[in-house]
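Report on the following structure.
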Amino acid sequence: MKKVLHLVLFLLAFQMEVRVRASEGAISYPENCLGRVSPCSFKISTDKWSFDAGNVHLRATANTILIESEKAKEWKLVEGTLWVENAPSLKVKTVSAEAEGSSGQYWVFAQKDRIVFRNISAKLVVTLKDHSKLDVPRGFEIWVGPVNSEAQVEHGMVEPVDLKSHLKAWYELYPGTKSQFVSEVQDLKDQWADLTEQSGDIYKKVVERKLAALHEEKHKQLEIKKKKEEERQRMREEFHRRVFEN
Amino acid sequence: MGLLWGYNEFTEYFNQGKEYQVQVHQLESRIEKEEFKNTLLQNQLIDFQQSVAVALPADAEIKNEIANYELKNFADGVRVPASTAQLDLSGMIFEKGKKLFKEQKYDKSIKEFRKVLDDYPLSRYKVESHFFMAEAYFLQKDYKNSLDLIDQMVQQYPDNDLTGFIMLRMGQISELNNRLEEAAEVYKTVQVHFKNDQLRDQAHKLVEGLQVE
Numbered sequence: 252m253k254k255v256l257h258l259v260l261f262l263l264a265f266q267m268e269v270r271v272r273a274s275e276g277a278i279s280y281p282e283n284c285l286g287r288v289s290p291c292s293f294k295i296s297t298d299k300w301s302f303d304a305g306n307v308h309l310r311a312t313a314n315t316i317l318i319e320s321e322k323a324k325e326w327k328l329v330e331g332t333l334w335v336e337n338a339p340s341l342k343v344k345t346v347s348a349e350a351e352g353s354s355g356q357y358w359v360f361a362q363k364d365r366i367v368f369r370n371i372s373a374k375l376v377v378t379l380k381d382h383s384k385l386d387v388p389r390g391f392e393i394w395v396g397p398v399n400s401e402a403q404v405e406h407g408m409v410e411p412v413d414l415k416s417h418l419k420a421w422y423e424l425y426p427g428t429k430s431q432f433v434s435e436v437q438d439l440k441d442q443w444a445d446l447t448e449q450s451g452d453i454y455k456k457v458v459e460r461k462l463a464a465l466h467e468e469k470h471k472q473l474e475i476k477k478k479k480e481e482e483r484q485r486m487r488e489e490f491h492r493r494v495f496e497n
Numbered sequence: 197m198g199l200l201w202g203y204n205e206f207t208e209y210f211n212q213g214k215e216y217q218v219q220v221h222q223l224e225s226r227i228e229k230e231e232f233k234n235t236l237l238q239n240q241l242i243d244f245q246q247s248v249a250v251a252l253p254a255d256a257e258i259k260n261e262i263a264n265y266e267l268k269n270f271a272d273g274v275r276v277p278a279s280t281a282q283l284d285l286s287g288m289i290f291e292k293g294k295k296l297f298k299e300q301k302y303d304k305s306i307k308e309f310r311k312v313l314d315d316y317p318l319s320r321y322k323v324e325s326h327f328f329m330a331e332a333y334f335l336q337k338d339y340k341n342s343l344d345l346i347d348q349m350v351q352q353y354p355d356n357d358l359t360g361f362i363m364l365r366m367g368q369i370s371e372l373n374n375r376l377e378e379a380a381e382v383y384k385t386v387q388v389h390f391k392n393d394q395l396r397d398q399a400h401k402l403v404e405g406l407q408v409e
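Protein chains in written order, with the working numbering: chain A, 252 to 497; chain B, 197 to 409.
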């Protein structure tokens, strides 16, 4: 009887401890706000965190800090890695840019001094703090930095995703089995086979646009020079007429 | 056994050591919460700073007058220099890498070439840096890294003669791994795909060498 009593007491004590630990697992501000109040800021403590609400499916790594600013509409990534598995009407904000994608997958990495937006299968538009918009095609990524002395947000070129480095981040959060992962990787590899060719086209367009802008600028400068020269000529003639012809 | 273990756990739970452990745990979680709040505040501050930085006029538009001195200083404080004004030093770094390569200091030369690729993605020395890196790894017998770079060259610069030359190394790596048919295919691809005579001759000789053996 005594032993049974000891056992019951032990089980009760064990249950109590588990309950305390579980509540301490996630840090949030305000306390326990996720899914209840917005805005809600929280730090993830589990290895594979996921969030599903309606058509919003998010995943994130441990130690990622997120803010749900507006329910089902706006989230902010403060630190860490966020995998947007599907969130067609959701805005993901960061300090220097915000992303908005159609249904499909994309990733946001908040690194030390830059944010990387990596598009896997969505139609992704990144709006920078200076209000300029960048399209990130499927299979491409772009880094975004702070505002520079030209009052524009620093950013890199749109470049193809390096599948090898992406696999590590992906596997870390992948919910399925190893064989499912391998098959999905193969699918993605097939879809991205012509990425280098596509990036060549993108760079070509960028260079052509820059050349056109330079050409236009040169044309404008020539026009200004021509107008100034005409003005000077007119002044000279006027001066000549006033001095010598009167 | 289970009951004994359970009893032991139970008694241990209520001893003093456990109490201290609980206290330490509570303190740790309090620190974690404070750090979390600090990170949030810092992020809010950076966000605001970036909004201000965008709203200020560009440096070129701020006239160099005494009245604008404070404004200029403030703008410099919240913004980073525009990377468009960055000087292209890739040529210098590339030459340094090449010198180290010639001196057979392959590790150091790889670091220099890596700098060219990472810091100057639009450099005209990009292809050559790729080539020398792949070659340096090959000469160090680090075939895995060498093959990774050769793969990149094949994908990114399929028409460049240097890609053809480095593909010969790819063939040689296959030979070293006793994959003679694979090596022959690589050499034949070089012969067919590239127009450089020197390169084609070299590929031809290597194929013949394989057949003789």
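Don't be surprised by glycine CBs; every beta carbon is placed ideally from N, CA and C.
Computed from a prediction, not measured in an experiment: that's the story for all the values here.
TODO: Report yes if the CB atom of A:A350 is closer than 8 Å to the CB atom of A:V359, and no otherwise.
DONE: Stepping through the first sequence from its first residue, residue 350 of chain A is reached at position 99. Stepping through the first sequence from its first residue, residue 359 of chain A is reached at position 108. Yes; because the gap between Cβ atoms is below 8 Å, this pair is in contact.
TODO: With distances taken Cα to Cα, identify the nearest neighbour of A:V387 among A:L446, A:D364, A:V288 and A:L333.
DONE: The residue you call residue 387 of chain A lines up with position 136 of the first sequence. Distance check between A:V387 and each of A:L446, A:D364, A:V288 and A:L333 places A:L446 closest, using alpha-carbon atoms only.
Open item on the list: If you reduce the DSSP assignment to three classes, tell me which class A:K380 lands in.
Closed with: On the first sequence, position 129 is the one that residue 380 of chain A refers to. Three-state DSSP puts A:K380 in coil, outside helix and strand.
Task: Among B:Y203, B:Q336 and B:K322, nearest to B:L358 - alpha-carbon criterion - done: Against the second sequence, residue 358 of chain B aligns to sequence position 162. The residue with the shortest Cα to Cα distance from B:L358 is B:K322.
TODO: Determine the DSSP secondary structure at A:V288, reduced to helix, strand or coil.
DONE: What you label residue 288 of chain A is simply residue 37 of the first sequence in a count that begins at 1. In this structure, A:V288 counts as coil in the three-state DSSP scheme.
TODO: Would you kindly work out how many angstroms separate the C-alpha atoms of B:E261 and A:E468, rounded to a whole number?
DONE: Within the second sequence, the letter at position 65 stands for residue 261 of chain B. Within the first sequence, the letter at position 217 stands for residue 468 of chain A. So the two alpha carbons sit approximately 27 Å from each other.
TODO: Assess, as a yes-or-no matter, whether the segment 293-301 of chain A is touched by the segment 312-324 of chain A under the definition of 3 or more beta carbon pairs within less than 8 Å.
DONE: The segment 312-324 of chain A, when compared against the segment 293-301 of chain A, does touch it at the 8 Å Cβ threshold.
Task: Neighbour flag for A:D381 against chain B, beta carbons, 8 Å - done: By 1-based counting over the first sequence, the position of residue 381 of chain A is 130. Chain B contact via Cβ: present.
Task: Residue-level contact to chain B via CB, A:A402, 8 Å cutoff - done: One-based indexing of the first sequence puts residue 402 of chain A at position 151. For A:A402, the answer is yes, since a Cβ of chain B falls inside 8 Å of its Cβ.
- [ ] Look at the alpha carbon of A:V343 and the alpha carbon of A:K327, and state the distance between them as a whole number of angstroms.
- [x] As a working mapping, residue 343 of chain A is identified with position 92 in the first sequence. As a working mapping, residue 327 of chain A is identified with position 76 in the first sequence. Looking at the two C-alpha atoms, the distance is approximately 5 Å.
Task: Helix, strand or coil at B:S286 [DSSP, three-state] - done: The residue you call residue 286 of chain B lines up with position 90 of the second sequence. Looking at B:S286 - three-state DSSP - the assignment turns out to be helix.
Task: Proximity to B:H389 [Cα-Cα], best of B:G360, B:D397 and B:K337 - done: Within the second sequence, numbered from 1, the residue matching residue 389 of chain B stands at position 193. When each option's Cα is compared against that of B:H389, the closest is B:G360.
Task: Sufficient close CB pairs (3 or more, under 8 Å) joining the segment 201-208 of chain B to the segment 224-241 of chain B - done: For the pair of segments examined, the segment 201-208 of chain B was found not to touch the segment 224-241 of chain B: the number of CB pairs separated by less than 8 Å stays below three.
Open item on the list: For B:V250, tell me which candidate among B:V276, B:A263, B:T235 and B:N239 has the shortest Cα-Cα distance.
Closed with: What you label residue 250 of chain B is simply residue 54 of the second sequence in a count that begins at 1. Comparing Cα positions, the closest option is B:V276.
- [ ] Just grab the DSSP bridge partners of A:P411 for me.
- [x] Position 160 of the first sequence, counted from the first residue, corresponds to residue 411 of chain A. Checking the DSSP bridge columns, you'll see A:P411 partnered with A:F391.
- [ ] Would you verify that the beta carbon of B:R275 is, or is not, closer than 8 Å to some beta carbon of chain A?
- [x] Counting from one through the second sequence, the residue named residue 275 of chain B turns up at place 79. Yes - at least one Cβ of chain A is within 8 Å of the one on B:R275.
TODO: Leaving aside the five residues before and after A:A348 along the sequence, list all residues of the same chain whose C-beta is less than 7 Å from its C-beta, in chain order.
DONE: Taking the first residue of the first sequence as position 1, residue 348 of chain A is located at position 97. These residues qualify, in order along the chain: I366, V377, T378, L379, K380, V395 and V404.
Open item on the list: Check for me: the alpha helix (DSSP H) holding B:I306 runs from which residue to which?
Closed with: Translated into the one-based positions of the second sequence, residue 306 of chain B becomes position 110. Y302 to D315 is the span of the alpha helix (DSSP H), which, as asked, contains B:I306.
Open item on the list: To the nearest angstrom, how far is the alpha carbon of B:F327 from that of A:R483?
Closed with: Locating residue 327 of chain B in the second sequence gives position 131, counting from the first residue. Locating residue 483 of chain A in the first sequence gives position 232, counting from the first residue. Answer to the nearest angstrom: the Cα atoms are 57 Å apart.
Open item on the list: If you measure between the beta carbons of A:E336 and A:L309, is that distance less than 8 Å?
Closed with: By one-based count along the first sequence, residue 336 of chain A stands at place 85. By one-based count along the first sequence, residue 309 of chain A stands at place 58. Yes; because the gap between Cβ atoms is below 8 Å, this pair is in contact.
Open item on the list: Counting only Cβ pairs nearer than 9 Å, list the residues of chain B close to A:H257.
Closed with: By one-based count along the first sequence, residue 257 of chain A stands at place 6. L199, G202, Y203 and F206, listed in chain order.
Open item on the list: Counting only Cβ pairs nearer than 7 Å, list the residues of chain B close to A:I475.
Closed with: Residue numbering aside, residue 475 of chain A sits at position 224 when the first sequence is read from its first letter. By Cβ distance, chain B contributes nothing, its closest Cβ being about 18 Å from A:I475, past 7 Å.
Open item on the list: Given this structure, state the Cα-to-Cα distance separating B:N356 from B:T385, to the nearest angstrom.
Closed with: To locate residue 356 of chain B, count along the second sequence from 1; it is residue 160. To locate residue 385 of chain B, count along the second sequence from 1; it is residue 189. Cα to Cα, B:N356 sits roughly 14 Å from B:T385.
TODO: Consult DSSP for A:K299 and reduce its assignment to one of helix, strand or coil.
DONE: The count along the first sequence starts at 1 and reaches residue 299 of chain A at position 48. If DSSP states are grouped into helix, strand and coil, A:K299 belongs with coil.
Open item on the list: Please list the terminal residues of the continuous beta strand (DSSP E) segment that includes A:Y357.
Closed with: In the first sequence, counting from the first residue as 1, residue 357 of chain A sits at position 106. Its beta strand (DSSP E) spans residues Y357 to A361.
- [ ] Note down the Cα distance separating A:L462 from A:K471, rounded to an integer number of angstroms.
- [x] Start at 1 with the first residue of the first sequence, and residue 462 of chain A comes out as number 211. Start at 1 with the first residue of the first sequence, and residue 471 of chain A comes out as number 220. Roughly 14 Å separates the two Cα atoms.
Open item on the list: Spatial neighbours of A:W300 within its chain, please: C-beta separation below 8 Å, excluding the five flanking residues on both sides.
Closed with: Within the first sequence, numbered from 1, the residue matching residue 300 of chain A stands at position 49. Here the set comprises R310, A311, T312, A313 and T315.
Open item on the list: Spatial neighbours of B:L318 within its chain, please: C-beta separation below 7 Å, excluding the five flanking residues on both sides.
Closed with: Counted from its first residue, the second sequence places residue 318 of chain B at position 122. None.
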